[in-house]
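Participant:
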(Lines of atoms letter the chains of each structure in order from A and count residues from 1; the text may use other names and numbers.)
(Lines give C-alpha, C1' and ligand atoms only; values in the text may rest on other atoms or scores of the structure.)
Protein backbone atom coordinates (compact mmCIF):
# COMPACT_ATOMS: atom_id res chain seq x y z
CA UNK A 1 0.00 0.00 0.00
CA UNK A 2 2.81 2.40 0.83
CA UNK A 3 4.41 1.66 -2.54
CA UNK A 4 1.27 2.91 -4.25
CA UNK A 5 1.47 6.30 -2.48
CA UNK A 6 5.18 6.63 -3.22
CA UNK A 7 4.67 5.84 -6.92
CA UNK A 8 1.73 8.23 -7.18
CA UNK A 9 3.71 10.98 -5.44
CA UNK A 10 6.60 10.60 -7.87
CA UNK A 11 4.12 10.53 -10.77
CA UNK A 12 2.80 13.95 -9.65
CA UNK A 13 6.35 15.26 -9.44
CA UNK A 14 7.13 13.96 -12.94
CA UNK A 15 3.91 15.48 -14.28
CA UNK A 16 4.81 18.87 -12.81
CA UNK A 17 8.30 18.65 -14.31
CA UNK A 18 7.05 17.65 -17.75
CA UNK A 19 4.25 20.21 -17.88
CA UNK A 20 5.10 23.08 -15.49
CA UNK A 21 2.45 25.46 -16.86
CA UNK A 22 -0.51 23.19 -16.22
CA UNK A 23 -2.71 20.93 -18.29
CA UNK A 24 -5.18 23.49 -19.59
CA UNK A 25 -4.54 25.59 -22.71
CA UNK A 26 -5.41 28.71 -20.71
CA UNK A 27 -2.50 28.01 -18.36
CA UNK A 28 0.02 28.68 -21.13
CA UNK A 29 1.07 32.31 -20.69
CA UNK A 30 3.68 32.97 -23.37
CA UNK A 31 4.15 36.62 -22.48
CA UNK A 32 5.20 35.82 -18.93
CA UNK A 33 7.55 33.07 -20.17
CA UNK A 34 9.23 35.48 -22.59
CA UNK A 35 9.54 38.15 -19.90
CA UNK A 36 10.99 35.68 -17.41
CA UNK A 37 13.53 34.30 -19.89
CA UNK A 38 14.56 37.76 -21.07
CA UNK A 39 15.00 38.98 -17.48
CA UNK A 40 16.97 35.82 -16.55
CA UNK A 41 19.27 36.27 -19.54
CA UNK A 42 19.89 39.93 -18.76
CA UNK A 43 20.62 39.13 -15.11
CA UNK A 44 23.07 36.42 -16.14
CA UNK A 45 24.93 38.96 -18.23
CA UNK A 46 24.81 41.70 -15.60
CA UNK A 47 25.41 39.67 -12.45
CA UNK A 48 26.87 36.43 -13.76
CA UNK A 49 30.47 37.00 -12.77
CA UNK A 50 32.27 39.13 -10.26
CA UNK A 51 35.14 39.72 -12.63
CA UNK A 52 33.90 39.67 -16.23
CA UNK A 53 36.43 38.89 -18.95
CA UNK A 54 37.84 41.81 -20.94
CA UNK A 55 35.87 42.90 -24.00
CA UNK A 56 37.74 41.94 -27.18
CA UNK A 57 36.80 42.87 -30.73
CA UNK A 58 36.06 39.86 -32.89
CA UNK A 59 35.76 39.60 -36.66
CA UNK A 60 32.02 40.39 -36.51
CA UNK A 61 32.45 43.58 -34.44
CA UNK A 62 31.56 45.99 -37.23
CA UNK A 63 28.79 43.86 -38.76
CA UNK A 64 25.23 45.02 -38.22
CA UNK A 65 23.79 41.58 -38.90
CA UNK A 66 25.42 38.18 -38.53
CA UNK A 67 23.93 35.29 -40.47
CA UNK A 68 24.86 31.69 -39.73
CA UNK A 69 26.63 29.78 -42.50
CA UNK A 70 25.38 26.47 -43.89
CA UNK A 71 26.77 23.88 -46.29
CA UNK A 72 25.29 23.87 -49.81
CA UNK A 73 23.26 20.75 -49.06
CA UNK A 74 21.90 22.19 -45.82
CA UNK A 75 21.20 25.59 -47.39
CA UNK A 76 18.98 24.10 -50.09
CA UNK A 77 16.48 22.86 -47.51
CA UNK A 78 13.48 25.14 -47.26
CA UNK A 79 12.70 26.84 -44.00
CA UNK A 80 9.03 27.24 -43.21
CA UNK A 81 8.73 29.06 -39.90
CA UNK A 82 5.51 28.68 -38.01
CA UNK A 83 3.50 31.67 -39.15
CA UNK A 84 -0.13 31.89 -38.19
CA UNK A 85 -2.84 32.71 -40.70
CA UNK A 86 -3.64 35.94 -38.86
CA UNK A 87 -0.05 37.19 -38.56
CA UNK A 88 -0.49 39.84 -41.27
CA UNK A 89 -3.88 41.11 -40.11
CA UNK A 90 -3.88 44.76 -39.03
CA UNK A 91 -6.57 45.25 -36.41
CA UNK A 92 -5.52 48.80 -35.54
CA UNK A 93 -6.90 51.10 -38.22
CA UNK A 94 -8.52 54.03 -36.45
CA UNK A 95 -5.64 54.74 -34.09
CA UNK A 96 -2.68 57.00 -34.92
CA UNK A 97 -0.35 55.95 -32.09
CA UNK A 98 -0.13 53.13 -29.57
CA UNK A 99 1.46 53.79 -26.18
CA UNK A 100 3.58 50.91 -24.89
CA UNK A 101 4.17 50.71 -21.13
CA UNK A 102 5.55 48.10 -18.70
CA UNK A 103 3.20 45.60 -17.10
CA UNK A 104 1.09 46.85 -14.22
CA UNK A 105 2.94 44.58 -11.77
CA UNK A 106 6.13 46.56 -12.53
CA UNK A 107 4.54 50.02 -12.58
CA UNK A 108 3.95 49.98 -8.82
CA UNK A 109 7.66 49.49 -8.20
CA UNK A 110 8.74 52.45 -10.38
CA UNK A 111 8.94 56.12 -9.50
CA UNK A 112 7.47 58.72 -11.88
CA UNK A 113 10.78 59.46 -13.62
CA UNK A 114 11.42 55.77 -14.33
CA UNK A 115 7.86 55.32 -15.62
CA UNK A 116 8.34 58.17 -18.08
CA UNK A 117 11.60 56.63 -19.32
CA UNK A 118 9.88 53.30 -20.02
CA UNK A 119 6.95 54.71 -22.02
CA UNK A 120 7.27 54.29 -25.79
CA UNK A 121 4.84 55.70 -28.35
CA UNK A 122 4.63 53.69 -31.58
CA UNK A 123 3.26 55.31 -34.72
CA UNK A 124 0.84 52.88 -36.37
CA UNK A 125 1.22 54.45 -39.82
CA UNK A 126 5.02 54.36 -39.65
CA UNK A 127 4.93 50.76 -38.45
CA UNK A 128 2.62 49.77 -41.33
CA UNK A 129 4.89 51.47 -43.87
CA UNK A 130 7.93 49.64 -42.51
CA UNK A 131 5.99 46.37 -42.68
CA UNK A 132 5.06 46.98 -46.32
CA UNK A 133 8.69 47.79 -47.18
CA UNK A 134 9.88 44.58 -45.52
CA UNK A 135 7.31 42.56 -47.45
CA UNK A 136 8.40 44.14 -50.75
CA UNK A 137 12.06 43.43 -49.96
CA UNK A 138 11.20 39.85 -49.06
CA UNK A 139 9.55 39.36 -52.44
CA UNK A 140 12.46 40.98 -54.30
CA UNK A 141 15.17 39.01 -52.52
CA UNK A 142 14.04 35.46 -53.14
CA UNK A 143 16.23 33.03 -51.17
CA UNK A 144 15.93 30.33 -53.83
CA UNK A 145 17.45 32.64 -56.46
CA UNK A 146 20.31 33.58 -54.15
CA UNK A 147 20.99 29.92 -53.38
CA UNK A 148 21.03 29.05 -57.09
CA UNK A 149 23.62 31.80 -57.69
CA UNK A 150 25.80 30.48 -54.85
CA UNK A 151 25.65 26.96 -56.31
CA UNK A 152 26.63 28.21 -59.76
CA UNK A 153 29.56 30.12 -58.25
CA UNK A 154 30.79 27.10 -56.31
CA UNK A 155 30.60 24.92 -59.46
CA UNK A 156 32.22 27.48 -61.78
CA UNK A 157 35.44 26.06 -63.24
CA UNK A 158 38.69 27.72 -62.22
CA UNK A 159 41.98 28.02 -64.17
CA UNK A 160 43.45 25.13 -62.14
CA UNK A 161 40.49 22.92 -63.11
CA UNK A 162 41.09 23.63 -66.82
CA UNK A 163 44.81 22.83 -66.50
CA UNK A 164 44.04 19.59 -64.68
CA UNK A 165 41.53 18.58 -67.39
CA UNK A 166 44.18 19.23 -70.09
CA UNK A 167 46.72 17.08 -68.22
CA UNK A 168 44.16 14.30 -67.76
CA UNK A 169 43.30 14.38 -71.48
CA UNK A 170 46.98 14.14 -72.43
CA UNK A 171 47.51 11.20 -70.08
CA UNK A 172 44.47 9.39 -71.47
CA UNK A 173 45.57 9.98 -75.06
CA UNK A 174 49.01 8.63 -74.19
CA UNK A 175 51.06 11.58 -75.40
CA UNK A 176 54.78 10.89 -74.95
CA UNK A 177 56.46 12.59 -72.04
CA UNK A 178 53.31 13.24 -70.05
CA UNK A 179 53.68 11.85 -66.53
CA UNK A 180 56.16 9.26 -67.80
CA UNK A 181 53.63 7.54 -70.07
CA UNK A 182 55.18 6.32 -73.32
CA UNK A 183 53.13 5.13 -76.20
CA UNK A 184 54.08 1.68 -77.47
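Numbering (this note's numbering), first residue to last: 598 to 781. Every residue, glycine too, gets a C-beta built ideally from N, C-alpha and C.
Residue 719 and residue 697 look like a contact to me (Cβ under 8 Å); what is the Cβ gap, rounded to whole Å?
Facilitator: Numbered from its first residue, the chain shown carries residue 719 at position 122. Numbered from its first residue, the chain shown carries residue 697 at position 100. Right, the Cβ-Cβ distance comes to about 6 Å (below 8 Å), so this counts as a contact.
Participant: Just verifying my parser: in three-state terms, what is the DSSP assignment at residue 616?
Facilitator: Your numbering for residue 616 matches position 19 in the chain shown. Reduced to three states, the DSSP call for residue 616 is coil.
Participant: Ignore the nearest five residues each way along the sequence and tell me which others in residue 636's own chain have a CB closer than 7 Å to its CB.
Facilitator: Mapped onto the chain shown, residue 636 falls at position 39. Excluding sequence positions up to five before and after residue 636, its CB lies less than 7 Å from no other CB in the same chain.
Participant: Could you check what DSSP says for residue 738 in three-state terms: helix, strand or coil?
Facilitator: Taking the first residue of the chain shown as 1, we reach residue 738 at position 141. Residue 738 falls in the coil class under three-state DSSP.
Participant: Return the first residue and the last residue of the alpha helix (DSSP H) that residue 659 is part of.
Facilitator: For the purposes of this step, residue 659 is taken as residue 62 along the chain shown, with counting starting at 1. It is not in any alpha helix (DSSP H) - residue 659 carries neither H nor E in the DSSP assignment.
Participant: Quick one, are the C-beta atoms of residue 654 and residue 744 less than 8 Å apart?
Facilitator: The sequence position of residue 654 within the chain shown is 57, counting from 1. The sequence position of residue 744 within the chain shown is 147, counting from 1. Their beta carbons are not under 8 Å apart, which means residue 654 does not touch residue 744 by this criterion.
Participant: Here's a check: name, in chain order, each residue in its chain whose Cβ is nearer than 7 Å to the Cβ of residue 712, leaving out the five neighbours to either side.
Facilitator: As a working mapping, residue 712 is identified with position 115 in the chain shown. Same-chain partners within the cutoff: 704.
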